[in-house]
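Peer 1:
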Amino acid sequence: MSLILIYPSADDPQDNQRLDEVLAHALAGVEHRTAKHATELSGLQGQTLLFAVPLGKYGVNLEYLSMLRRLRAQPDLLEGCLAGIIVDGGSDLYTKSTAAELGFAMNMAGCALIGRPLVEATGYLTNFRIQAKNLGTDLGGAYKAAAAELVLRLQTFRFPKKQRPEILVLHASGHAASNTMNLWNRVRRKLEKRCKITEIGLRNGTLFDCSGCPYTVCLHFGEKGSCFYGGVMRDEVYPAVCRADAIVLLCPNYNDALSANLTAFINRLTSLFRQTRFYDKAVFGIVVSGYSGSDTVARQVISAMNMNKSFYLPSRFAVLETANNPGEAVALPGVTDRLDDFAQHILDTLTP
Ligand SMILES: Cc1cc2nc3c(=O)[nH]c(=O)nc-3n(C[C@H](O)[C@H](O)[C@H](O)COP(=O)(O)O)c2cc1C
Numbered sequence: 064m065s066l067i068l069i070y071p072s073a074d075d076p077q078d079n080q081r082l083d084e085v086l087a088h089a090l091a092g093v094e095h096r097t098a099k100h101a102t103e104l105s106g107l108q109g110q111t112l113l114f115a116v117p118l119g120k121y122g123v124n125l126e127y128l129s130m131l132r133r134l135r136a137q138p139d140l141l142e143g144c145l146a147g148i149i150v151d152g153g154s155d156l157y158t159k160s161t162a163a164e165l166g167f168a169m170n171m172a173g174c175a176l177i178g179r180p181l182v183e184a185t186g187y188l189t190n191f192r193i194q195a196k197n198l199g200t201d202l203g204g205a206y207k208a209a210a211a212e213l214v215l216r217l218q219t220f221r222f223p224k225k226q227r228p229e230i231l232v233l234h235a236s237g238h239a240a241s242n243t244m245n246l247w248n249r250v251r252r253k254l255e256k257r258c259k260i261t262e263i264g265l266r267n268g269t270l271f272d273c274s275g276c277p278y279t280v281c282l283h284f285g286e287k288g289s290c291f292y293g294g295v296m297r298d299e300v301y302p303a304v305c306r307a308d309a310i311v312l313l314c315p316n317y318n319d320a321l322s323a324n325l326t327a328f329i330n331r332l333t334s335l336f337r338q339t340r341f342y343d344k345a346v347f348g349i350v351v352s353g354y355s356g357s358d359t360v361a362r363q364v365i366s367a368m369n370m371n372k373s374f375y376l377p378s379r380f381a382v383l384e385t386a387n388n389p390g391e392a393v394a395l396p397g398v399t400d401r402l403d404d405f406a407q408h409i410l411d412t413l414t415p
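Be aware that the sequence shown starts at 64, since it is given in our numbering, and climbs by one per residue.
1. In terms of alpha-carbon separation, which member of 66, 182 and 110 lies closest to residue 91?
2. In this structure, what does DSSP give as the bridge partners for residue 345?
3. Please determine, among 384, 121 and 367, the residue with the shortest C-alpha to C-alpha distance to residue 402.
4. Are residue 150 and residue 165 closer than 9 angstroms when you measure CB to CB?
5. Suppose you measure from the CA of residue 364 to the CA of residue 393; what does that come to, to the nearest Å?
6. Would you check if there are 3 or more beta carbon pairs closer than 8 angstroms linking the segment 67-76 to the segment 102-120?
7. Which first and last residues belong to the alpha helix (DSSP H) in which residue 280 is found?
8. Rounded to whole angstroms, what's the CA-CA distance from residue 291 to residue 219? Just pull it up for me.
9. For ligand 1, I want to know if residue 391 counts as a neighbour, meaning its beta carbon is within less than 8 angstroms of at least one of the ligand's heavy atoms.
10. Apply the 10 Å Cβ neighbour rule to residue 82 and answer buried if 16 or more other Cβ atoms are within range, or exposed otherwise.
11. Less than 9 angstroms between CB atoms is the rule here; does residue 249 satisfy it with respect to chain D?
12. Under a three-way DSSP split, which group does residue 129 fall into?
13. Which residue or residues does DSSP assign as beta-bridge partners of residue 352?
14. Can you find at least 3 beta carbon pairs, one from the segment 199-209 and one from the segment 122-136, that sit closer than 8 angstroms?
15. So is residue 387 buried or exposed if we call it buried at 16+ other beta carbons inside 10 Å?
16. Just checking residue 351 against ligand 1 - is the residue's beta carbon closer than 8 angstroms to any of the ligand's heavy atoms?
17. Who does residue 114 pair with in a DSSP beta bridge?
18. Would you give the residue range spanned by the alpha helix (DSSP H) that residue 214 belongs to?
19. Since residue 173 and residue 140 are thought to touch, with beta carbons under 8 angstroms apart, how far apart are those beta carbons, to the nearest angstrom?
20. Suppose only complete runs of 3+ residues qualify. What are the beta strand (DSSP E) ranges in the segment 135-190, listed by chain order?
21. By the 10 Å Cβ neighbour count, where 16 or more other Cβ atoms means buried, how is residue 183 classified, buried or exposed?
22. On the DSSP letters alone, give me the boundaries of the alpha helix (DSSP H) that residue 246 sits inside.
23. Between the Cα of residue 210 and the Cα atoms of 318, 407 and 89, which residue gives the shortest distance?
24. Apply the 10 Å Cβ neighbour rule to residue 310 and answer buried if 16 or more other Cβ atoms are within range, or exposed otherwise.
25. Assuming residue 325 and residue 265 make a contact with CB atoms under 8 angstroms, what is their CB distance in whole Å?
26. According to DSSP, simplified to helix, strand and coil, what is residue 88?
27. If you check the beta carbons only, do residue 148 and residue 131 fall under 9 angstroms apart?
28. Among 99, 307 and 286, whose alpha-carbon lies nearest the alpha-carbon of residue 79?
29. By the three-class DSSP mapping on this structure, what secondary structure does residue 82 have?
30. Whole angstroms is fine: what's the gap from residue 340's alpha carbon to residue 398's?
31. Beta-carbon separation of residue 423 and residue 257 under 9 angstroms?
32. Any heavy atom of ligand 1 closer than 8 angstroms to the Cβ of residue 264?
33. Excluding the five sequence neighbours on either side, which residues of its own chain have a C-beta within less than 7 angstroms of the C-beta of residue 251, listed in chain order?
34. For residue 222, tell me which candidate among 178, 238 and 198 has the shortest Cα-Cα distance.
Shown next, in the form of C-alpha cells:
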C-alpha cells in the first residue's frame with residue numbers, strides 16, 4: 064500500500080538532517096510520495112499518512128504551523144485517512160505538546176490514528192535509552208527501529224469490526240444534571256439496540272490513584288490481572304476494559320484537564336498495559352467545558368489513551384461542547400444533530 068509522507072521542512076535546514084536519515088531508513092522500499100508545503104495538502108482523503116515534523120531547538124517550525132492552520136480551516140481535509148506521527152526535537156521539550164496538538168488537529172480533520180502512533184525523538188535521543196538497551200543497539204539505532212516499526216504497523220493495521228460490539232462508559236460525575244452524563248444518555252439511546260453497553264462510575268472514594276510501584280512490582284500484579292491497590296479497578300474496571308471494543312470517556316473540564324478520577328483510571332491502566340496492547344480497542348470522548356478549553360482536555364485524552372496507552376483513535380473521536388450550568392448542554396443550539404452524528408459515527412466505526 065502506498066503512503067503519503069507529510070514533511071514540513073525545518074526553519075534551519077540543519078534540523079532536517081537526523082529526520083532525513085531516519086525516514087530514509089523507515090521508508091526504504093515503501094512506495095510513497097512526499098508533501099513538503101501546506102499548499103500541497105489536498106486530495107489526501109482516504110490515504111495512509113506519515114506526518115513527520117522536525118522541530119529544532121526552540122520547538123517552532125513555520126511550515127508546520129501553516130499546515131496546522133490548513134488542518135484547522137478545512138474540517139474534511141483528511142477524511143478517511145489513517146496516520147502515524149514522528150516528531151523530532153532539538154531539546155527535551157516541545158515534542159509531546161506538538162504531537163498532541165497535531166494529533167488533535169488531524170483527528171478533527173477526519174483522520175484516525177493507530178494506537179501508539181507517535182515516534183518522538185528528543186534532542187539527545189535519551190528517550191530511547193530503554194528501547195536501545197532492549198534491542199542491543201545505540202540510541203540512533205533505536206530511533207530508526209521505532210520509525211520502521213511505526214511504518215510497518217501503519218501499513219498493515221485495520222480496525223476490527225463486530226456485529227454486536229461492547230462499549231465501556233466511564234464517568235465520574237456526581238450530580239443528576241451532569242452535562243456530560245446528559246449528553247451521553249442521548250447518545251446511548253441511539254446505540255443500545257446494536258451494542259452491549261456497560262457504565263461504571265468512578266466517583267470520589269472509589270478509586271485510588273496509581274501508587275507508582277517499581278516496574279517489577281507493577282508487572283507482577285499485572286500478570287495476575289490486578290494492581291497493588293486492587294479494589295474496583297481490579298474487580299470491575301480491568302475485566303470491563305478487556306471485554307470492551309471501545310471506551311467512551313465522559314470528560315467535564317476540570318481546571319483545563321481531565322478530572323482526577325479519570326486521570327487515576329488512566330494511570331492505573333498501566334498495570335494492564337504491561338500485559339497487553341489496546342490497538343484493537345477504540346477510545347471516544349464527550350468533553351464539556353464551562354467556558355473554554357475543550358481542546359486541551361481532548362488533547363490530554365489523545366496523549367494518554369492513544370499515544371501512550373495504545374488505544375485506536377477513530378476520526379473525530381470526541382464531541383466538544385461548551386456549557387456550564389447543570390442541564391445546559393442538552394439545550395445547546397444544534398446539539399441534537401451533533402449527538403446523532405456522533406452516535407452514528409461510533410456505530411460506523413465499530414460495526415460492519
Ligand atoms: C472543579 C471544577 C473545575 C472546573 N474547571 C473549568 C475550567 O478550567 N474551564 C472551564 O471552562 N470550565 C471548568 N469547569 C466547569 C465544568 O467544566 C462545566 O460546568 C461542565 O459542564 C461540567 O460537566 P458535568 O456537569 O458533567 O460535571 C470546572 C468545574 C469544576 C467543578
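From the three backbone atoms N, C-alpha and C, an ideal C-beta is built for every residue, glycine too.
Peer 2: On the basis of the data shown:
1. 66
2. 309 and 375
3. 384
4. yes
5. 23 angstroms
6. yes
7. 278-286
8. 36 angstroms
9. yes
10. buried
11. Among the protein chains of the structure shown there is no chain D, as only one such chain exists.
12. helix
13. 385
14. no
15. exposed
16. yes
17. 69 and 148
18. 202-219
19. 7 angstroms
20. 144-152 and 174-184
21. buried
22. 242-254
23. 89
24. buried
25. 7 angstroms
26. helix
27. no
28. 99
29. helix
30. 34 angstroms
31. In the structure displayed, the chain extends from 64 to 415; residue 423 sits before or after that span and is not available.
32. no
33. 260
34. 178
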